[in-house]
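Residue numbers (mature numbering (1 follows the signal peptide of the UniProt record, and there is no 0)): -20 to -1, 1 to 295. Don't be surprised by glycine CBs; every beta carbon is placed ideally from N, CA and C. Since the structure comes first, as C-alpha cells, the remarks are kept for the end.
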Amino acid sequence: MKSALPYLFLASAAVAFSPASLPPQRSISTNHVRVSPGFKQVKRSNNNVNSISKLPSTTTALSAAATTSARQFNAKKRVATFMAFMTGWADFLLFTKYKFFATMMTGNSMWMMSAIVDARFRDVAFYASVIASYIFGVGLFRRAELSYKEKALTGLFAPVVTTCFLLSDYLTMLNPACRWIPALMLAFSWGIINSVGSEVTGTLIFVVTGAMTRFSNMIVDRISRTAGRKKIPKEGLMMTLSVIGGFWLGAGWSVWLNKNAPQLTKYGVFSIIGVIYGSLFLYLDREQLGAWWSRKNGKLCEIDGDEVNCAEPEQ
C-alpha cells in the first residue's frame, strides 16, 4: 500500500492540472510575475498571450538528429556521384591509352586468361602484375585504416595517389610506348581510391553492375505481391541512381574529351585526374587536418543553409 501512494499522488496531480479542471483563461498582467530561470519571457503576441521558449525537448533532439542524418546522406550521395563520374572518365581513358582497366579487375582477369591460352606469357605477366598492384593498394589502405583509424587517413594517401598519377603521365611523355610501370602505378592508386570511396560512401562506387542489380531488385520487390510489395527505400534508391548516373556522365565526358582534345588525352589528363583525387581526399579529411578554411573564431564551422554551427575540434 505504501508503494502505491506515489502513483495516487501523481494521478491526482494530473487530474488537478488537466485542461478540463482549469478555470476559463483570463487576460492578466504578468509584469509583476517573476519568471523561472528555466524559461525565457518574450514579447507579447497580438492575441495577448505570453509566449515562452522551453528547454530543448526530446522532439527537438530527434528533429536535429534526423536533420543531421539527412545532411550526412546528402554529402555521401554527392561524393558517390562524383567518384562514380571520375571512374567513368578514367575507364574509357585507360582502355584507349593503355588497353587495361585500373578501376576494376574483371576485364584484366579475362585478358590474362586469354593470354594464358594463347601462350602470350609477357601479357600474362603484365595483367598479373596489374592485378597484384591493385590488391596491394587495397591492402595498404586496409592496413593503414587498422593502424591509424581516423588520424587523417585519406589525407595520408592524398600525396601518394597524386604522385602516382603525375609520374604515370610523365613516364608516358618521355616514352609513349611505356605502359607497364604507369599501369602498375595507376592500378595501385585505384586500389586506394576504391577503398576510400567504399569507406566514405558505404557503397561500391566503381561497380555499376552491382548498382544496376540493386536497382532491379528494388523495382521487382515493389511490384511483386510475393515479395510483399516492399516500399522502395529512398536513400538506397538515390545512392544507386547516383552511382549509375555518375558513371554514365563520366564515360560520356571522357568520350567527348577524347574527340575534342586528343592531345590532352595523350598527355596530361591523368595528372589532372590525380590532382582532383588528391584534392578530394584532403577535403574529406578537412576536420582531421585542421580545416582552417572552415573555422570561425578558432572553431570548426559547418555551414548548412542559413545557419553556421561551430564546434570545438575533437582532441
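Cβ shell of W233 (< 8 angstroms), same chain only, five flanking positions each side left out: For W233, where only same-chain residues beyond five positions count, the Cβ hits under 8 angstroms are F65, G68 and W69.
Local conformation of I212 per DSSP, three classes: Here I212 carries a coil assignment [DSSP, helix/strand/coil].
DSSP-derived helix/strand/coil call for D265: In the structure shown, D265 sits in coil (DSSP, three-state: anything other than H, G, I, E or B).
Alpha helix (DSSP H) runs wholly inside the region 50 to 115, at least 4 long, in chain order: Annotation note: the region 50 to 115 contains the following uninterrupted alpha helix (DSSP H) runs of length 4 or greater, listed N- to C-terminal: 86 to 97.
Residue environment, M192, which counts as buried when at least 16 other CB atoms sit within 10 Å: The residue in question, M192, is exposed, as its Cβ has fewer than 16 Cβ neighbours within 10 Å.
Cβ pair Y114, A82 closer than 9 angstroms: Using a Cβ distance threshold of 9 angstroms, Y114 and A82 count as a contacting pair.
Cα-Cα separation between L221 and R58, rounded to whole angstroms: CA-CA distance, L221 to R58, rounds to 12 angstroms.
Rounded separation between Y78 and I256 - CA only: CA-CA distance, Y78 to I256, rounds to 21 angstroms.
Under the three-state DSSP convention, the category G225 falls into: In this structure, G225 counts as helix in the three-state DSSP scheme.
Where C207 falls: helix, strand or coil (DSSP): Sequence inspection shows Ala at residue 207; the Cys mentioned does not correspond to that position. Correct three-state label for A207: coil.
Close beta carbons around P213, own chain, < 8 angstroms, minus the five adjacent residues each side: Correct list, in chain order: M198.
Distance, Y263 Cα to C158 Cα: When rounded, the distance between both Cα atoms is 33 angstroms.
Through-space distance from S89 to K239, alpha-carbon basis: Using only the alpha carbons, I get a separation of about 29 angstroms.
Beta-carbon proximity check, K260 vs F62, cutoff 9 angstroms: The sequence given here has Leu at residue 260, not Lys. Yes.
Other residues of its chain near V118: CB distance less than 6 angstroms, five sequence neighbours each side excluded: Excluding positions up to five away in sequence, the list reads G171 and S175.
G60, buried or exposed, once every other Cβ within 10 Å from all chains shown has been counted against 16: The displayed chain sequence assigns Ala, not Gly, to residue 60. A60 is buried by the Cβ-count criterion.
Residue closest to I224, alpha-carbon to alpha-carbon, out of Y247, P242 and F195: Closest by alpha carbon: F195.
Same chain, Cβ closer than 6 angstroms to G254, five either side skipped, listed in chain order: T142, F145 and L146, listed in sequence order.
Residues near P17 in its chain [Cβ-Cβ closer than 8 angstroms; skip 5 each side]: With a pLDDT of only 39 at P17, under 50, the local geometry of the prediction cannot be trusted, and the value read off the model is given with reservation. Apart from the 5 residues on each side of it in sequence, P17 has no Cβ closer than 8 angstroms to any other Cβ in its chain.
Buried or exposed by the 16-neighbour rule on C-beta atoms within 10 Å, applied to M85: Flag for M85 reads buried.
Same chain only: Cβ atoms within 8 angstroms of F101, ignoring 5 sequence neighbours per side: Only A95 meet the Cβ criterion.
Same chain, Cβ closer than 6 angstroms to G226, neighbours up to 5 away in sequence not counted: Correct list, in chain order: T61, A64 and F65.
Nearest-angstrom beta carbon gap, S109 and L164 [assumed within contact, 8 angstroms]: At roughly 6 angstroms, the Cβ-Cβ gap stays under 8 angstroms, so L164 and S109 are in contact.
Reference T152, options E215, D98, F80 and G248, closest by Cα: For the residues E215, D98, F80 and G248, the minimum Cα distance to T152 belongs to G248.
N-terminal and C-terminal residue of the alpha helix (DSSP H) that L166 is part of: First-last of the alpha helix (DSSP H) with L166: W160 to T181.
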